[in-house]
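Asks:
Protein chains: 4
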Amino acid sequence: MRDMCYYYSQLGTDERSEFLIHMATSLSTNHQAVQELIQQKPQADTNSVDLDAQLLIWEDRLRHAVQPPHHWVFSQVSRLSGGVKFLVDMRQDLLSTLFSKTLDPSNSAALKTLDSTLRELLSLWFTVGLLNVQRITWESPCNMLQKVSEYEAVHPVRNWTDLKRRVGPYRRCFIFTHSCMPKEPLVVLHIFLTNEIPDSMAKILQTSRSSSIDETSVSKDSEDPSLINTAIFYSITSTQKGLQGIELGNYLIKKVVHEMKAEFPSMSQFSTLSPIPGFVKWLNGMMARAQRGDAHIFTETEVNALQIFLEVDSSPEVYERLRKLFTTNGWIEELDVVETLEAPLMRLCAYYLFTEKRRNYTLDSVANFHLKNGAVMWRINWLADRSPRGLANSCGIMVNYRYFLEECECNSRTYLETMKVIASDTVTFLAKAAEDIIKK
Amino acid sequence: MRDMCYYYSQLGTDERSEFLIHMATSLSTNHQAVQELIQQKPQADTNSVDLDAQLLIWEDRLRHAVQPPHHWVFSQVSRLSGGVKFLVDMRQDLLSTLFSKTLDPSNSAALKTLDSTLRELLSLWFTVGLLNVQRITWESPCNMLQKVSEYEAVHPVRNWTDLKRRVGPYRRCFIFTHSCMPKEPLVVLHIFLTNEIPDSMAKILQTSRSSSIDETSVSKDSEDPSLINTAIFYSITSTQKGLQGIELGNYLIKKVVHEMKAEFPSMSQFSTLSPIPGFVKWLNGMMARAQRGDAHIFTETEVNALQIFLEVDSSPEVYERLRKLFTTNGWIEELDVVETLEAPLMRLCAYYLFTEKRRNYTLDSVANFHLKNGAVMWRINWLADRSPRGLANSCGIMVNYRYFLEECECNSRTYLETMKVIASDTVTFLAKAAEDIIKK
Amino acid sequence: MRDMCYYYSQLGTDERSEFLIHMATSLSTNHQAVQELIQQKPQADTNSVDLDAQLLIWEDRLRHAVQPPHHWVFSQVSRLSGGVKFLVDMRQDLLSTLFSKTLDPSNSAALKTLDSTLRELLSLWFTVGLLNVQRITWESPCNMLQKVSEYEAVHPVRNWTDLKRRVGPYRRCFIFTHSCMPKEPLVVLHIFLTNEIPDSMAKILQTSRSSSIDETSVSKDSEDPSLINTAIFYSITSTQKGLQGIELGNYLIKKVVHEMKAEFPSMSQFSTLSPIPGFVKWLNGMMARAQRGDAHIFTETEVNALQIFLEVDSSPEVYERLRKLFTTNGWIEELDVVETLEAPLMRLCAYYLFTEKRRNYTLDSVANFHLKNGAVMWRINWLADRSPRGLANSCGIMVNYRYFLEECECNSRTYLETMKVIASDTVTFLAKAAEDIIKK
Amino acid sequence: MRDMCYYYSQLGTDERSEFLIHMATSLSTNHQAVQELIQQKPQADTNSVDLDAQLLIWEDRLRHAVQPPHHWVFSQVSRLSGGVKFLVDMRQDLLSTLFSKTLDPSNSAALKTLDSTLRELLSLWFTVGLLNVQRITWESPCNMLQKVSEYEAVHPVRNWTDLKRRVGPYRRCFIFTHSCMPKEPLVVLHIFLTNEIPDSMAKILQTSRSSSIDETSVSKDSEDPSLINTAIFYSITSTQKGLQGIELGNYLIKKVVHEMKAEFPSMSQFSTLSPIPGFVKWLNGMMARAQRGDAHIFTETEVNALQIFLEVDSSPEVYERLRKLFTTNGWIEELDVVETLEAPLMRLCAYYLFTEKRRNYTLDSVANFHLKNGAVMWRINWLADRSPRGLANSCGIMVNYRYFLEECECNSRTYLETMKVIASDTVTFLAKAAEDIIKK
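Chains as they are written, first to last, in the working numbering: chain A, 4 to 443; chain B, 4 to 443; chain C, 4 to 443; chain D, 4 to 443.
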C-alpha cells in the first residue's frame, strides 16, 4: 500500500488521471455479484419474524456487495502515516481530472463514484472532534505564518510587515488544523476588531486600527478592550482543494465567535465584509441582454445620464461602453461616471445577491456560504474595495453578512429548506427596486 | 443531537438496551425503498457504454438505500465535541446488550447491523494516523498514571511504589491515545529491559532489574545501556470495551519496537512473557474426558506416579483429584506433585496453544493476538507466574511469543492464510508429544 | 571546580563540616592586605576634586580586598550546571554545622562570614524574576505531586486519595520553582476555596467542600464559582533549609492572591488558618512561673474550677497537673476540663501571639511571617486543630491571619518600623484581658 | 522602586545621563562611615583567638560600609518583574554615558563604581545555570526569527528567504536566552555544516550547501549526515550592549559543540570563518608610518611592482595611493593589483593578528575572543569576504579559528597566563616573515 502511494506520488498530471480512471473502473463494484445477491433476496413464504432477520442479513450482504473495492483501498491508505493527507491531495487530482478532462460518460460515472467514496470518507475524518482551532500571532511558528500568508486568497498579503499587522493588535487570525496534518492550516480566518461595522476594506487594511478609534488613546502594542464591540470576519480561506464540499468554514466561524465572546464579554456585533466574486460576470451577461433589448436594467434617466458622461449617442452604446469600461479600472477615477453608476449598480448587486439562484441556492458562492451558516445579508457597500481584484469582480462593491448568534440556526434552516434569503430591509428594498425595473 | 446524547447518558442499563433496540429497529434500512430500487435496475437493451454509466449511478443509489439511517445519526454525533468518545461508550452498551440479553432473533439481527455500522465507523476514526504513542514515566501527569494503574489487567498494580517501579529504570510504559480523547489511554503496554528472555514474572515484577544484572554496577536512577539488548512486553491491555474488534495493540507493538530500536540501536531480542488465560479451563475439559475414558492425556507412568503422590487408587480418581486440586493454589507447595506434573502439563499446554483451534484461529485468545501480529511461539515456561490468577488460569505456566522483525509480516500472512502456527522446535516437539498420547 | 563539588558531595556529615570550616578559614579575607590598603588611603592634601575620585578608586580596591576569596569560589560554582542547587544544599550543611557544633569562637565567626556571603549570593539568585509560580493539579507530573506530598509539613498528607483531594475542586495548590531547579518546589502553598473564614481544620481537611456549601448543588468534579468568595491559605511550606532567611513565601502569597482575583473576580476575603507552633512551650514556661507564684495566668474562679475538674487540692497542683495533661492528648475528651480551659487558654494565646516579642518581632514565628507580610491577626479559634500535632503545639488553638490587600503594604511597614501588631478588636481585647491578669 | 523605574524609562538620553550621575554620586559609599569604621579596627592587645573573631566581624562591617547604597537599589530593582532586563538596558545607558560624555574626573570615577557594581550583579545573574540554549529553525516563533535577523551584525540578512536559508538544511542557528527575558536572544550563533573548512564566505552564504557537496545527492529539505564532519561557526553576535564584559559567547560555543557532537557523532572539525574587524585601520597606520619612512612593510620587489600597477613614481606615493584605494572597493576588480597585494597583505594580516597586542591581549577583538576560548589561529584566507564591509575592514581577508576540543582548556590558560597566541605553522611563518621585514 505504501509502495502504491509512493508510485502515485511520482506520477505526472496525466498519468495520475489515468491511474485514477483505472482505479475507478477496475476497483469498482462487481455488477455480477450484486445481481446474484439480488436474486437471493429472502422471500415472504418464511414466517415473518424470521423473514425480518433474514432480510437484515441479506441487506448487510448487499451493503458489502455494492461497496466498491476502492473503499477498502482508501481505508487501508488512511492507516499509513501521512495517509489521510495523501488522500486529500489525491482527491484534488481527482477533482481536476473530473472537471478538466473530456471523459467518456462511463469513465466520468466511475470517477464520480470514486469521488463520492472519497468525499464520504474524508467527511468522516474531518469531523469537528478532530479539528483544532489555533490562534496565530507574531509569536507563532514562522512556517505557519508563511503558509497563512501564501494561502491568503481574498486580500493578498504584500510583505512581512503587512503580515505582522494582520496578526497584531485589533486583529485576530485563527486557523483550523487536523490532528492528521497538524502543520497544515485547513481554513484561515482573519478578524478585525472595532466598534462599528465597516463599509470599506480601507478601514481594515490600511490602518492598524479602525479610523473611528482615536489614535492617541491607543498604545502601540496593545488593545483597549473598551473600544472593541464588533468582530469583522474580513477573510476566510479554505486551503485544501481536496476538501471541497466538506464544510469546515462554518465550524471555524462558530468556534471563533465563541472564543471572541469569551475574550470580550461585551462583544455584540459579528459581521463579515465580504467580496462578491461573480457580480461583474453576471452584470456583463445582463448588459448583453439589455444591449439586445432583451432586458431592462437601468431607468431611462440613468441611461440618459450615462449617455452624457460616457459620451455615446445611444442606449446600446452605453452597454457596449460600460462593458469595455469594466475591463479596466480607470473608470473609478471619473467621478461623474462613478456617481451616476452608484444607484443602479447597488440596486443590481442587491438583485444579484438576493434574487438570483442556481439549483435552489444563491448564485453567488460567498453569499451561499454565509446564508447556509445562518448569516443575514446586511448591507451593500459602494466602493468598498478599490483593489484591482475588487473592481474586476464586483465594481468595488462589498457586502456585510451579519451573524446574530441566537438566530443563526433558525436562519440556516429556513434558507436550506425554503431557499428564502434572510436580508435586511435595505437590501430587500434595493433588490425589489431592481426586480421592478428588470421585469418591466 | 446533543440533547439525544444527554438523554441517553442519563439512562440506566436496561433503558439503554431498550433505546438501542429501538434505534436498531426504527432507524434501520427501508426494505420497501430497497425493493423498489432493485426493480429500477437499468436493463441491457440500452447501448453498453450508457448502460455501464447507468449501472454505476443505480448502484450508487442502491448504496445509499441500503445504508441504514443510523449511519447518518452516528456521523452526526461524531461532529459533537466528545461525540466519538460517546460512540465508543455506546458501543460498549451495545455489545453487552448483544451478549447478555435474551433477544428475539429479529432484534438480535437489527442490533448486529447497528454494531456493524458502528464498528466500521469506529475503525475509520481509530486509524493509525489519529493515534498517538506516548511514553509514560514518573513525570507524566498523575491522572494518567492513575489510569495506567487502574486499567492494568494482566499483573495488577499493588500501590504507588509498585507503579513508580513499573515506569522507572529498566522499564518502559507506552500508551496509545486518540486525538479525540487525548487523556484516555486506549492501550497500555509495559516493557521490561534486560539481557535475556526471562522465564518467570518474578524476575520482572520483584526486582527493579533483572537478576542477571549485577546490582553493584547499576546506579539507582539510571540504566546501563550495555546491559540491555532485550525488550520484554510483559503486559498489554486494551482499555475500551467499546473498541472490541478494532485492532490497536499490534500497531502499538510495532511503533514501540521502532522506538526501542531508536533508543537502543543494539537491541536484538523482542519477546513477550504472556499469560495463557484459557489453559486450565481447557485442561479441565480434557481431564473430564480422560476420566470418562474418552481421551488419553497422561502416560501410564505419569498416571502411576500421580496415584502415589495424590494418594488415590485409580486413574479416574487421579483426574477427579487433580481438578479439585486446581481449584485452589495449595498444590504449588507440594513439591512431589509439582515435579510429577511438570512434564505432562508442559506438554499439554504446548498442545493447547499450538494445536487447538476455533474457527481457524488458535483457541487461546492471547496466542491468537500475537500470532496474528506475526510473532513466533517461542518457549513455554513452567511455574512462571505463581500469582493466584496465574495458577488459576494456567497452572502457573507462561509463554514467550518472540518478535523477529523481518519475519513478522510474512509470519502474520502465513498464519492468517494457512492457519499454520509458527513455533520454535521445542514447542512443536512438546505439542507433537502430547498429540501422540492424546490420539493413542 | 566541578571536581571540588563532586568531592564534597561524596563526603559524610562530619567531613562536610570540616570542609566548610576549612573553607571558611583558609579562603577568608586577607587581613594583612586589608591593613595595607587602609594605610594607603588618599590624604586630604591633594585638591578636592581629585581626592574624591581617588577616594572612590581606593574604596573600590578596599571593597575587593574585604571580599573574601570564597565569594569568588561560590560564583564560580554557580556557573556549573546544577551549581546553584549545589550551593543551596551546601548552605543547609553550613547552617547545621553552625547550629549543632561546639565550635570555637573564631571558627564560628568564620563560618558566619561564609554563611553571610552565601546568603547574599543566594538572595540575589532567588530573586522574584527568576521564580515561577505554578499551579499543581491532579494532571501535574507525578514526581511533582509526590514532592508536594512529602514536603507537606503543616498537615501531613495521608495517602494519594488525600493528596488528590488537596489538589481537587474547591482547592488550589501553588508552588514556587526556580529556573535553576525547575523540578524542585521551593515553597508549597495550599488554598481552600469557600464562602466564609473557617474556624477549624476539620472543615478543610475532612470534606471535599466546606460544610457550609450545600452538597446537592455541587457536581463531583467542578466548582460552583457563586459559592466561592473566600480563599483560605491553610498550609505554606518552605522546602529548602538552605534558603533559610531568604523570603519567598510572601512573594508567593502576593502572586497567588493576584491569580485568585483573576480567576474569581468576586473573591473578597483572603485569610489563613494557621498553626501556633510555640504556644504550649511558652504556656508551660508561664505555668512553671505561676506554680512558683511568680506570675498570674488564671483568675481565681478559673483556678477553683480547675481544682475541681482536675481533682487536685491546691493551685500549684493545678499547674503541675495541667503540664502533665498537655503532654498527652487525652484531656480533649474530658468535656468539663475543655470547657473550663477555653476562656483562659484563648486569652493567654492572644497574649502570646499579640504581646510577646523577641528582638522586636513577635515570639511566634508564623505570626511574625504573616505580620511582616502585612496581614492582620484576625481571629483565634478554639479546638480548631484536634490532630496530635495541633494539640501538642497549641492545645488545638489556631489563628486566622487576614490579608486586606489595600492595607498590606502599610501594615507591613507599620509592623517592621514600630513593632506594632495589627490585630482585630477581639484579639486585642483578649490579649489585654490576659495582660491585666498577668500584671496583677 | 517601580515608580523610579517607570520615571527613568520616560527620560531622554541626556536626562538619563544626569540621572545616572546623580545616582552614582548621591548613592555612593559614605566616606565618613568608612573612615570611622577603620578607626574601630580591633587591636592586637586582646587574646589572639578572640582577636581573629573580632577581626572577622569588623571586616564584615567594613564590607557593608564600603558597599555603596546603589548596590541595594539594584538588587531591589531586580526583584521587580522585568527588573533584570531594566538593569541590562540601564547599563547600556551607563556605558554610553561613560564613553561619550566629557565628564569631570570625579563624576567619571563615580560612574565607574556604579558600572562596576552593576557589572558584578549582572555577571551573577547571567550565570550559566540561568541561560538556556535554543535551536532556531523555520518553525520557531516569527518574532524570534525577526530578532535573529535584525541582530545579525556580521553578515547582514537580506530578506526572509535569506533568513529561511540560514536556519535551513546544512545550517544551525542557536541562541542563548535568560530565564528573566525568555523572548530576547542574548547571543546568536550561526553554524554551517560541511565536510571541509571553507576559505570564503561565498561557499557559506551563496549556496544552500557547500559547493564541495554534490548537488544531486541532496534532497531539498534534508541533510545527508555522511556529508557532514565539519561545523563552521560563521557568525556570533552578542545582542545586549548592557552585557558588555560579561562573557556569554564562549559558553554558547561550548554548549553548541556538545550538541553538535551529540547530533553528529562523527563530527571531527570545529572552526570559525571569522572577520578581522581592525586590520585595515591598523594597516593604514602602518602605511602612514611607512610613507614617513618610519617603518618597512613591503619588500623592495613588492614596492616596485606596486609602483607599476598603481602607476605612481615613488614609494611614498604607493602608500598614499593604497590608502586611497582602500577607501573604496574598486581595487578588487583590478586583477594585477589584487595579485601583487596578496602576498604582503596576507603576511601583514598574520602579523596584525598574531603579533600585535594591547594590554597583553591581541589587538584584534575577535581574535582575542576566540583565543581566550582556547581556539587555534588556523588559516588566513585571501579574498574570503568580498562584501563592502569585508573589503573595508580587512581587504577581504578572513581567518579560521579552529577549536580542538581536548586542547581548548589548556590553550585558553596558556593564552591568558602567558599571552602566547597558539597558531598553526602557516600563520606563525607568515607573521615571522612580516616581522622580519618590519624590523628591518
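Ideal placement from N, C-alpha and C gives every residue a C-beta, glycine not left out.
Between tryptophan 75(B) and chain A, is the shortest Cβ-Cβ distance under 9 Å, so that the two count as touching?
Replies: Answer no: the Cβ-Cβ gap between tryptophan 75(B) and chain A never drops below 9 Å.
Asks: What in chain D is Cβ-close to threonine 130(C), meaning under 7 Å?
Replies: Going along chain D in sequence order, the residues near threonine 130(C) (Cβ under 7 Å) are Ser81, Arg82.
Asks: For the segment 137 to 148 of chain B, which residues have a beta carbon sitting closer than 7 Å to at least one beta carbon of chain C?
Replies: So the list reads Trp141, Glu142, Ser143, Pro144, Cys145, Asn146, Leu148, given in the order they occur along the chain.
Asks: Assuming aspartate 96(C) and arginine 19(C) are in contact, meaning their beta carbons sit under 8 Å apart, how far apart are those beta carbons, in whole angstroms?
Replies: Right, their Cβ atoms sit about 5 Å apart.
Asks: Give the list of continuous beta strand (DSSP E) stretches no shorter than 3 residues that lie fully inside the segment 251 to 276 of chain D.
Replies: Fully enclosed beta strand (DSSP E) runs of 3 or longer: 272 to 275.
Asks: Using beta-carbon positions only, say whether isoleucine 256(A) and arginine 382(A) come within less than 9 Å of one another.
Replies: In this structure, arginine 382(A) does not lie closer than 9 Å to isoleucine 256(A) by Cβ.
Asks: Pull up the DSSP beta-bridge partners for glutamine 137(C), would you.
Replies: Looking at the DSSP assignment, glutamine 137(C) forms a beta bridge with Ile178(C).
Asks: What distance in whole Å lies between the Cβ atoms of serine 203(A) and leucine 386(A), which are believed to be in contact at a cut-off of 8 Å?
Replies: Going by Cβ atoms, the distance from leucine 386(A) to serine 203(A) rounds to 7 Å, so yes, they are a contact pair.
Asks: What does valine 402(A) pair with, by DSSP beta-bridge criteria?
Replies: Answer is Ser277(A), Ile383(A), bridged to valine 402(A).
Asks: Quick one: is glutamate 412(D) near chain C, going by C-beta distance under 9 Å?
Replies: Output row for glutamate 412(D): interface = no.
Asks: Taking DSSP as the reference, what is the three-state secondary structure of methionine 4(D)?
Replies: Coil at methionine 4(D), not helix or strand.
Asks: Which residues in the same chain as tryptophan 285(C) place their Cβ atom closer than 6 Å to its Cβ, once the five residues preceding and following it in sequence are excluded?
Replies: The residues are Tyr355.
Asks: Between the segment 188 to 198 of chain A and the segment 226 to 242 of chain A, do three or more beta carbon pairs fall short of 8 Å?
Replies: Output reads yes: the segment 226 to 242 of chain A touches the segment 188 to 198 of chain A.
Asks: By the 10 Å Cβ neighbour count, where 16 or more other Cβ atoms means buried, how is tyrosine 10(B) classified, buried or exposed?
Replies: Exposed, because fewer than 16 other Cβ atoms sit within 10 Å of the Cβ of tyrosine 10(B).
Asks: Can you list the residues of chain C that tryptophan 381(B) reaches, using a CB-CB cut of under 8 Å?
Replies: Per Cβ cutoff of 8 Å: no residues; tryptophan 381(B) is ~35 Å from chain C at best.
Asks: Under 8 Å by Cβ, that's how I've got serine 274(C) and isoleucine 235(C) pegged, so tell me the actual separation to the nearest angstrom.
Replies: About 6 Å; that satisfies the 8 Å criterion.
Asks: Mind reading off the beta-carbon distance from leucine 456(D) to histidine 181(D)? Whole number of angstroms is fine, and I expect it under 8 Å.
Replies: Missing from the structure shown is residue 456(D); chain D here goes from 4 to 443 and no further.
Asks: Please determine if the segment 387 to 405 of chain B and the segment 316 to 335 of chain B are in contact, where contact requires at least 3 C-beta pairs separated by less than 8 Å.
Replies: Touching, yes, given that three or more Cβ pairs across the two stretches are closer than 8 Å.
Asks: Taking Cβ positions only, does tyrosine 9(A) come closer than 9 Å to chain D?
Replies: No, tyrosine 9(A) lies away from the interface with chain D (no Cβ there is under 9 Å from its Cβ).
Asks: Can you list the beta strand (DSSP E) stretches of 3 or more residues lying completely in the segment 76 to 147 of chain D, in chain order?
Replies: With a minimum length of 3 residues, the continuous beta strand (DSSP E) runs that stay inside the segment 76 to 147 of chain D are 134 to 139.
Asks: Could you please give the first and the last residue of the uninterrupted beta strand (DSSP E) stretch that includes histidine 193(B)?
Replies: Run containing histidine 193(B): 190 to 197, per the beta strand (DSSP E) assignment.
Asks: For arginine 168(D), which of helix, strand or coil comes out of DSSP?
Replies: Arginine 168(D): helix per DSSP, three-state reduction.
Asks: Find the residues of chain D that neighbour glutamate 345(C), judging by a C-beta separation of less than 7 Å, and give them in chain order.
Replies: Neighbours of glutamate 345(C) on chain D: none; closest Cβ ~44 Å, over 7 Å.
Asks: Tell me whether the beta-carbon of alanine 68(B) lies closer than 9 Å to the beta-carbon of threonine 32(B).
Replies: Cβ distance < 9 Å, so alanine 68(B) and threonine 32(B) count as in contact.
Asks: Based on Cα-Cα distance, which residue from Asp316(A), Gln310(A), Met401(A) lies nearest to arginine 350(A)?
Replies: The residue with the shortest Cα to Cα distance from arginine 350(A) is Met401(A).
Asks: What did DSSP end up calling threonine 233(C) once you bin it into helix, strand or coil?
Replies: Of the three classes helix, strand and coil, the one that applies to threonine 233(C) here is strand, per DSSP.
Asks: Alpha carbon to alpha carbon, how far is serine 220(C) from proline 228(C)?
Replies: Here the model assigns serine 220(C) a pLDDT of 36, short of 50, so the residue's position is not dependable and the matter cannot be decided.
Asks: Counting only beta-carbon separations shorter than 9 Å, does glutamine 294(C) have a partner in chain D?
Replies: No - not a single Cβ of chain D is within 9 Å of the one on glutamine 294(C).
Asks: Using the C-alpha atoms, what's the distance from serine 269(B) back to proline 391(B)?
Replies: Straight-line Cα distance between these residues: approximately 37 Å.
Asks: Between Val260(D), Asn253(D), Thr164(D), which lies nearest to leucine 196(D) when the distance is taken from Cα to Cα?
Replies: When each option's Cα is compared against that of leucine 196(D), the closest is Val260(D).
Asks: Since serine 40(B) and leucine 65(B) are thought to touch, with beta carbons under 8 Å apart, how far apart are those beta carbons, to the nearest angstrom?
Replies: According to the sequence shown, residue 40(B) is leucine rather than serine. Indeed, because the Cβ distance is near 5 Å, the residues count as touching under 8 Å.
Asks: My output table needs one value for serine 29(C): the three-state DSSP class, helix, strand or coil.
Replies: In this structure, serine 29(C) counts as helix in the three-state DSSP scheme.
Asks: Suppose you measure from the CA of lysine 206(B) to the CA of leucine 348(B); what does that come to, to the nearest Å?
Replies: For lysine 206(B) and leucine 348(B), the distance between alpha carbons rounds to 22 Å.
Asks: Starting from tryptophan 163(A), find everything on chain D with Cβ-Cβ shorter than 7 Å and list it in chain order.
Replies: In chain order: Trp163.
Asks: Exposed or buried, what is serine 225(B) when buried is set at 16 or more other beta-carbons lying within 10 Å of its beta-carbon?
Replies: Per the 10 Å Cβ criterion, exposed.
Asks: Does DSSP classify alanine 1(D) as helix, strand or coil?
Replies: Nothing in the structure corresponds to residue 1(D), since chain D is present only between 4 and 443.
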